[in-house]
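There are 2 protein chains.
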Amino acid sequence: MRENVDTRTRIQQVALELFTEQGYEGTSLREIAERLGVTKAALYYHFKTKEDIVGSLVQDRIAAIQRLIAWGREQPRTVGTRRELIRRYSADLHDGRHHEIMRFFERNQTALRNQPKGEMMRDRMLDLLDLLRDEDAPLTVQLKCSLAIFALHATWFVFRESGITDADRQRAALEVALELVGVSEDLVGENSGNPSVTLR
Amino acid sequence: MRENVDTRTRIQQVALELFTEQGYEGTSLREIAERLGVTKAALYYHFKTKEDIVGSLVQDRIAAIQRLIAWGREQPRTVGTRRELIRRYSADLHDGRHHEIMRFFERNQTALRNQPKGEMMRDRMLDLLDLLRDEDAPLTVQLKCSLAIFALHATWFVFRESGITDADRQRAALEVALELVGVSEDLVGENSGNPSVTLR
DNA sequence: GTCTATAGGAGGATAGAC
DNA sequence: GTCTATCCTCCTATAGAC
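Structure, rendered in C-alpha cells:
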C-alpha cells in the first residue's frame, strides 16, 4: 500500500520527464519501465492505459484552471479582474511542479489532441484566453491580453540555462504579463483581496 | 518529369497538413499515401525517409532565418535594428505558406528534437531570440523582446475562426511586436531602408 | 505488486515487377 | 513513377504464474 503510492508517483514523475523530453508518442512504456527498473506489465497494474498516465498528470491542472475561470466569470470584466486572473494563474503555475505539466502540454499539443483529457486541457486554456480579452476591443489590445499567458509560460524557454532563479523568472514574467493586460484604471477594486493568494 | 515535381509537391502539402493536425509521429506514411491515392512505396520514390519529408519542408525556413540573422548581426544593436528585424520576420512569415511551416514546427517540438533539421530549425529560432534581446538589459525588457516573436506566431492561435483576415492579423501582430521590442530612440537610422522589404 | 510470455497489430522501409 | 508483396522491428495491451 505504501509502495503502491510510491511506485505510482514515480511512474508519473518519470513519464512526465520523458514525455516532455522525447514527446508522448516518442516515449514507449518499455522506456518508462526500464528507467524505473520494473517491467512494462507492472505499469499496467497502476494505470489502465498509456493515456491514463497522461490523464493522471493533467487532471489537477484542469481542475485548477476551471476553478480560476469560474472565479473570473463571477467578477466584473475590468482590467483589475484581468490583472488578478494573471496574478492567480502565475502563483498557481509556480506552486509545485505545475509549470512542468504545462511544458509537457505545450510540447505535445498534437499528440494530446486525440485524447479526451488533452482536449479538455486545451479547451480550458482557450476559455482562459477568452476570459482575458474583450472581444470588442481592438485586435492589438486583445492580442496583448492573450500574450500575457504566453509571457508566463515563455520564461523558461527564453531564459534557458542562465544563472537565473525561478523567483527571478516568475517576478519578471508576472511584471510583463501584468503590463500586457493593461494598467488598472480602478485601483480600488484591484487590491481588495489578497493579491498573491494561490488557487487552492 | 512534370508529374515528378507535381507529386512531390502534393506529398509535401498533404504531409504538412497531417503533421500539423495529428502530429509527426501520429501520422503514418500509409495515411499520407492514402489521401493522395497512391501507395506507401510511391512516397519512397520521392523521399528517402519520413524524416526527409520534414527536411524538405523546413529547409527553406532555416535558410530564410539564417539570412535574417546574418543581416542582423551586421547591424548596430539598437532598438531600430530590432524593430527592422521584427518587420522583416513578419513580412517573411506572411509571404507564402511560411507561417504554416512554423505552426507545424511549434506543434511538433518534441518529435523534431531527434531530427537534424528539426534541431537546426530550433537553434536558428533561439539565435534569433538572442539577437533580439540585450543580455545586459533587465529581465523584463529581455522577455518583452523575445515575446515579440511569439506575438507574431500567436495571432492564428488567439484569433481562431474569427472573421478576421490574414492582413488584419498581420497588422495587429506586427504592431504589438514592435511595441514589445521598444520604441525607437533613433528614428533616423530606423527608416533608412525600405521598411517592408521581404527577406529574399 | 511484479513477473514471464505472448498476442495482435502498425509502422518504416526495401526488393523487384511492370 | 508507381505497384505488390514482404521484412523486420517495435509498440500497446493482456493472460496467468508467483
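Chains as they are written, first to last, in our numbering: chain A, 1 to 200; chain B, 1001 to 1200. C-beta: ideal position from N, C-alpha, C; glycine also.
Next on the checklist: 8 Å is my cut-off, CB to CB: does Arg107 of chain A come that close to chain B?
Outcome noted: Taking 8 Å as the threshold, the shortest C-beta distance from Arg107 of chain A to chain B falls below it.
Checklist entry - For the alpha helix (DSSP H) that Asp130 of chain A lies in, which residues bound it at each end? => result Taken as a continuous stretch (DSSP letters only), the alpha helix (DSSP H) holding Asp130 of chain A covers 116-132.
Next on the checklist: Does the CB of Thr1007 of chain B have a neighbour CB from chain A at under 8 Å?
Outcome noted: With respect to chain A, the C-beta atom of Thr1007 of chain B has no partner C-beta closer than 8 Å.
Checklist entry - Does the beta-carbon distance from Leu180 of chain A to Lys144 of chain A come in below 8 Å? => result Yes. Within cutoff.
Checklist entry - Can you tell me whether DSSP reads Lys50 of chain A as helix, strand or coil? => result Three-state result, Lys50 of chain A: helix.
Checklist entry - Taking Cβ positions only, does Asp1168 of chain B come closer than 8 Å to chain A? => result Using a CB distance cut-off of 8 Å, Asp1168 of chain B counts as an interface residue toward chain A.
Item to check | Cutoff 8 Å: Lys1050 of chain B Cβ touching any chain A Cβ | outcome: Not an interface residue.
Checklist entry - Once you ignore the five residues that flank Leu85 of chain A on each side, which residues in its own chain have a CB closer than 6 Å to its CB? => result Excluding sequence neighbours, Leu85 of chain A sits near Gly72.
Checklist entry - Which ranges would you report for the alpha helix (DSSP H) in the stretch 9-39 of chain A if only whole runs of at least 4 residues count? => result Whole alpha helix (DSSP H) segments, 4+ residues: 29-36.
Checklist entry - For Thr1140 of chain B, which three-state DSSP category applies? => result DSSP places Thr1140 of chain B in helix when its eight states are reduced to three.
Item to check | 8 Å Cβ cutoff, Leu1068 of chain B in contact with chain A | outcome: Closer than 8 Å: no.
Item to check | Test: Gly23 of chain A CB closer than 8 Å to a CB of chain B | outcome: True, the Cβ-Cβ gap to chain B drops below 8 Å.
Item to check | Own chain, CB closer than 7 Å to Phe19 of chain A, minus 5 neighbours either side, in chain order | outcome: Closer than 7 Å at Cβ, skipping near neighbours: Thr27, Phe104, Asn108.
Next on the checklist: So with CB distances below 9 Å, who are the chain A contacts of Leu1147 of chain B?
Outcome noted: Here the neighbours are Leu147, Phe150, Ala151, Ala154, Val158, Val176, Leu180.
Item to check | Any C-beta of chain A under 8 Å from that of Thr1081 of chain B | outcome: Contact of Thr1081 of chain B with chain A is not assigned, every C-beta pair being separated by 8 Å or more.
Checklist entry - At a Cβ cut of 8 Å, what residues of the stretch 76-104 of chain A count as close to chain B, listed as they run along the chain? => result So the list is empty, because no residue satisfies the distance condition.
Item to check | Min CB distance Gly1026 of chain B to chain A below 8 Å | outcome: Contact with chain A is found for Gly1026 of chain B, since one of that chain's Cβ atoms lies less than 8 Å from the residue's Cβ.
Checklist entry - So what does DSSP say about Thr1110 of chain B, is it helix, strand or coil? => result Here DSSP, grouped into helix, strand and coil, assigns Thr1110 of chain B to helix.
Next on the checklist: Using the three-state DSSP reduction, which class does Ser196 of chain A fall into: helix, strand or coil?
Outcome noted: Because Ser196 of chain A sits at a pLDDT of 46, beneath the cut-off of 50, its placement in the model cannot be relied upon, and the following sentence gives the value as read from the coordinates. Note: Ser196 of chain A maps to coil in three-state DSSP.
Item to check | Cα-Cα separation, Arg88 of chain A to Ile1011 of chain B | outcome: Rounded to whole angstroms, the gap between the alpha carbons of Arg88 of chain A and Ile1011 of chain B is 46 Å.
Item to check | Where the alpha helix (DSSP H) through Ile1086 of chain B begins and ends | outcome: First-last of the alpha helix (DSSP H) with Ile1086 of chain B: 1079-1093.
Next on the checklist: Can you check whether the C-beta of Lys1117 of chain B is within less than 8 Å of a C-beta belonging to chain A?
Outcome noted: No, because no Cβ of chain A sits closer than 8 Å to the Cβ of Lys1117 of chain B.
Checklist entry - Considering only residues of the same chain and omitting the five flanking positions on each side of Ser1090 of chain B, which have a CB-CB separation below 6 Å? => result Shown here for Ser1090 of chain B: same chain residues with a beta carbon closer than 6 Å to its own, the five before and five after excluded, namely Leu1152, Leu1174 in chain order.
Item to check | Inter-residue Cα distance where the pair is Thr198 of chain A and Gly1118 of chain B | outcome: Because the pLDDT at Thr198 of chain A is just 46, under 50, the model does not fix this residue reliably, and the point stays unresolved.
Item to check | Ala41 of chain A to Leu1016 of chain B span [Cα, whole Å] | outcome: Cα atoms of Ala41 of chain A and Leu1016 of chain B: separation of roughly 36 Å, rounded to the nearest angstrom.
Item to check | Partners in chain B for Ala172 of chain A, counting only beta-carbon separations shorter than 7 Å | outcome: Simply Leu1139, Thr1140, Leu1143.
Item to check | Ile1149 of chain B versus Gly1096 of chain B: straight-line alpha-carbon distance, rounded | outcome: Each residue's alpha carbon lies about 18 Å from the other.
Next on the checklist: I'd like to know whether the C-beta of Thr165 of chain A is nearer than 8 Å to at least one C-beta of chain B.
Outcome noted: For Thr165 of chain A, the answer is no, since every Cβ of chain B falls outside 8 Å of its Cβ.
Next on the checklist: Strictly under 8 Å for the Cβ-Cβ distance: is Ala111 of chain A near chain B by that measure?
Outcome noted: It does; some Cβ of chain B falls within 8 Å.
Next on the checklist: Taking the straight line between their C-alpha atoms, what separation do you get for Thr1009 of chain B and Leu1036 of chain B?
Outcome noted: Rounded to whole angstroms, the gap between the alpha carbons of Thr1009 of chain B and Leu1036 of chain B is 11 Å.
Item to check | Distance, Phe1047 of chain B Cα to Asp1006 of chain B Cα | outcome: If you take the alpha carbons of Asp1006 of chain B and Phe1047 of chain B, they lie about 14 Å apart.
Next on the checklist: Restricting to Cα atoms, I'd like to know which of B:Glu1031, B:Arg1030, B:Ala1063 is closest to Asp1123 of chain B.
Outcome noted: When only C-alpha atoms are compared, the closest one is B:Ala1063.
Checklist entry - So what does DSSP say about Gly1163 of chain B, is it helix, strand or coil? => result Reduced to three states, the DSSP call for Gly1163 of chain B is coil.
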